[in-house]
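Going from the sequence shown to this note's numbering is simple: count from 1 and add 4.
Backbone N, C-alpha and C fix where the C-beta goes; we use that ideal spot for every residue, glycine too.
In what follows, a structure is listed as structure tokens, so that the remarks can point back to it.
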Amino acid sequence: HAKSCTLSHYDATSATVQGEKCRLTIDLVAMSGGWTPTVHLSSHRNVKPIYRRDIACFVPGAFDRAQFGAGSMVGEQTWAGAIQSGWLAGAQAAGVVGLQESGQAPSFDDATSMAFVPAGPLRGANSKGKAFIDFQNDVTVSDIELAHREGYQSVEHLKRYTTSGMGTDQGKTSNLNALTLMAAQREMDISAVGTTTFRPPYTPASLGALAGRNVGPHFQPERRTSMHGWHLAHGGVKMEAGLWLRPLW
């Protein structure tokens, strides 16, 4: 368990840790993978995410006529922006079903609403410790660098080589940071690197829930050979052999 931590100022411009260090006694470490719009549902509908450099995030690409997005999902970072985009999405949805919006979009004072600032490099140039990318599978910056040296440069290869994003959160807290590092290693824009494939469900489901109720041998049709009756009449004991019931002895 955690006992202490060392804090110091990080300069994003030079990617270095500067100033005096401060050591604190702690008993808990709260970690975050940063702000990332939830593009999973739109991706399930084949809306390809696109990268916005101004907020360092992937957001949904072009929706079709019957799909709409609003709020932080589409990159709106402020309260007022989220309300405005929600009103616009509702007006567009009304138009699709033949209705017209009434009134005007509400306006709010945005003075107390703050947009987040994209993070700088994920590890300082003079940092000697490990910099974790995936908190569940303990994937570090050096693991991403090793994957690049070994030739695992595709996003899907990177995921499988390092196991980044393969925990129960399915990359919600780590994928963007891993892709950012791989793009830097390949000297490419992150928009050209792409993303991993988003597949349902968004929230993990237990295998028991997917299996459903216990129906015993009736979970699939029985397939019997033409000699099934003869086998039983002569004391044969049946077993499942592939799709068929065949005599065990």
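Please classify residue 67: does DSSP put it in a helix, a strand, or coil?
coil
If I follow the unbroken alpha helix (DSSP H) through residue 97, where does it start and stop?
83-100
CB contact flag (residue 45, residue 28, <8 Å)
no
Exposed or buried, which one is residue 74 when buried takes at least 16 other CB atoms within 10 Å?
buried
Please state whether DSSP places residue 184 in a helix, a strand or coil.
helix
What distance in whole Å lies between the Cβ atoms of residue 35 and residue 139, which are believed to be in contact at a cut-off of 8 Å?
5 Å
When 62, 17, 32, 23 are compared against residue 38, the one with the closest alpha-carbon
62
So, at 6 Å on beta carbons, what are the nonlocal neighbours of residue 55 in its own chain, with the 5 sequence-adjacent residues on each side left out?
62, 194, 195
Separation of residue 13 from residue 325, as counted between CA atoms
Lying before the first or after the last residue shown, residue 325 is absent from the chain, which here runs from 5 to 253.
I need the straight-line Cα distance from residue 247 to residue 52, nearest angstrom please.
40 Å
First and last residue of the uninterrupted alpha helix (DSSP H) at residue 247:
Segment: none, residue 247 is in no alpha helix (DSSP H) and carries neither H nor E.
Cβ shell of residue 197 (< 8 Å), same chain only, five flanking positions each side left out
159, 183, 186, 187, 190
Count the other CB atoms, across all protein chains shown, that sit within 10 Å of the CB of residue 100; report buried if there are 16 or more and exposed otherwise.
exposed
Return helix, strand or coil for residue 22, following the three-state DSSP convention.
strand
Does residue 64 pass the burial test, meaning 16 or more other C-beta atoms within 10 Å, or should it be called exposed?
buried
Tell me the rounded alpha-carbon separation between residue 80 and residue 93.
13 Å
Option in 208, 48, 9 with minimal Cα separation from residue 31
9
Apart from the five residues just before and just after residue 202, which ones in its own chain have a Cβ nearer than 6 Å to its Cβ?
44, 47
Does DSSP put residue 142 in a helix, a strand or coil?
coil
Counted within 10 angstroms of its Cβ, other Cβ atoms place residue 211 as buried (16 or more) or exposed:
exposed
Note down the Cα distance separating residue 228 from residue 137, rounded to an integer number of angstroms.
54 Å
State the Cα-Cα distance for the pair residue 1 and residue 87, rounded to the nearest angstrom.
No statement about residue 1 is possible, as the shown extent of the chain runs from 5 to 253 and does not include it.
Does the Cβ of residue 2 have 16 or more other Cβ atoms within 10 Å, making it buried, or fewer, making it exposed?
Absent from the model: residue 2. The displayed extent of the chain is 5 to 253, so no value can be given.
Could you give the DSSP three-state label for residue 53: helix, strand or coil?
strand
Endpoints, beta strand (DSSP E) assigned at residue 3
Nothing in the structure corresponds to residue 3, since the chain is present only between 5 and 253.
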